[in-house]
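Below is one structure, written out as structure tokens; comments come after it.
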Amino acid sequence: MHPYKRSQRLGVLLKEEVAQIILHKIKDPRLGFVTVTDVKLSDDLRQARVFISVLNSEERELSLQILNEAKGFIRSEIARRLRIKIIPTFEFVFDESIERGFRIDQLLKEIKKAPEEV
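Right, here's the structure in full:
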């Protein structure tokens, strides 16, 4: 028996494949520098939530819109590349964890700089 669920193993594979498709197959010049940070699959493997990060925060909404419009193309590419019975439907969402991490780091630096009040 595997130490983790099939949806987690397939999520890792989908993360790599979706990143390659975005990098090499989607030719929209408006698409910013996008990084696929994670893929969460439902237990029945029918829905995949793809978390992305965009380098330029001004391009975030446009990049999400472009990827959500191209999700049919991405799904067909996944069907060609992988031999799985059920091809999940994709939903692209922005990954807030990176921004949250920067904010926490900034707060910790501010605390360190502040003079100790005793």
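This note's numbering puts the first residue of the sequence shown at 4, with every later residue one more than the last.
Even for Gly, the Cβ is constructed at its ideal location relative to N, Cα and C.
Item: Is the distance from the Cβ of I81 to the Cβ of R33 below 8 Å?; Value: no
Item: So the candidates are A51, V39, F76 and D46; which of them puts its Cα closest to the Cα of L58?; Value: V39
Item: Report all residues from its chain with a CB closer than 8 Å to the CB of R73; omit the five preceding and five following residues, and keep chain order.; Value: The sequence given here places Ala at residue 73; Arg does not occur at that position. So the list reads I29 and D31, once near-sequence residues are dropped.
Item: Evaluate the contact criterion for the segment 99-113 versus the segment 61-68: three or more CB pairs, one atom per stretch, below 8 Å.; Value: no
Item: Are the CB atoms of R52 and K43 within a distance shorter than 8 Å?; Value: yes
Item: Have a look at A22 and G104 and give me their C-alpha separation to the nearest angstrom.; Value: 22 Å
Item: Return the CA-CA distance between G14 and F93, expressed in angstroms with no decimal places.; Value: 12 Å
Item: Compare the C-alpha of H27 against each of I77, Q109, E113 and V96 and name the closest.; Value: I77
Item: To the nearest angstrom, report how far apart E62 and S56 are at their CA atoms.; Value: 10 Å
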